[in-house]
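In our numbering, the protein residues as written are 179 to 280.
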């Protein structure tokens, strides 16, 4: 799979939902509303889904093979962690210096 772009669209702090993500395959096909979720033991990726009449959720799109799922999940979680690190670094640069400037 040629993942050409991953964008962290929004992050969240106060729920199990940690981020909404979009990715592009080969510069030709985009998928939106992928969720990064904090599970009981680890972060995981949930594909876009819709609720059916019986109340269950069904993925709208998803990787077919376990290898493709792992590759996609690893790439998304890596991009999410990179985004968090960059955000933390940017926030550190914006903090005022302590000590009164003498």
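C-beta atoms are modelled at their ideal positions from N, C-alpha and C, and glycine is treated no differently. For clarity, every value in this text was computed on a predicted model and none was experimentally measured.
Meets three-Cβ-pair contact criterion under 8 Å: the segment 217–235 and the segment 243–262 | yes
Residue range of the alpha helix (DSSP H) that residue 260 falls in?
-> Position 82 of the chain shown, counted from the start, is the residue given in the question as residue 260. Looking at the DSSP string, the run of the alpha helix (DSSP H) that includes residue 260 is 244–272.
From the DSSP output, which residues share a beta bridge with residue 202?
-> Within the chain shown, the letter at position 24 stands for residue 202. Answer is 183, 208, bridged to residue 202.
What residue does the beta strand (DSSP E) around residue 237 start on, and which one ends it?
-> Position 59 of the chain shown, counting from 1, holds the residue named residue 237. 235–237 is the span of the beta strand (DSSP E), which, as asked, contains residue 237.
From residue 200 to residue 244, what does the alpha carbon distance come to, in whole angstroms?
-> Position 22 of the chain shown, counted from the first residue, corresponds to residue 200. Position 66 of the chain shown, counted from the first residue, corresponds to residue 244. Distance between the alpha carbons of residue 200 and residue 244: 20 Å.
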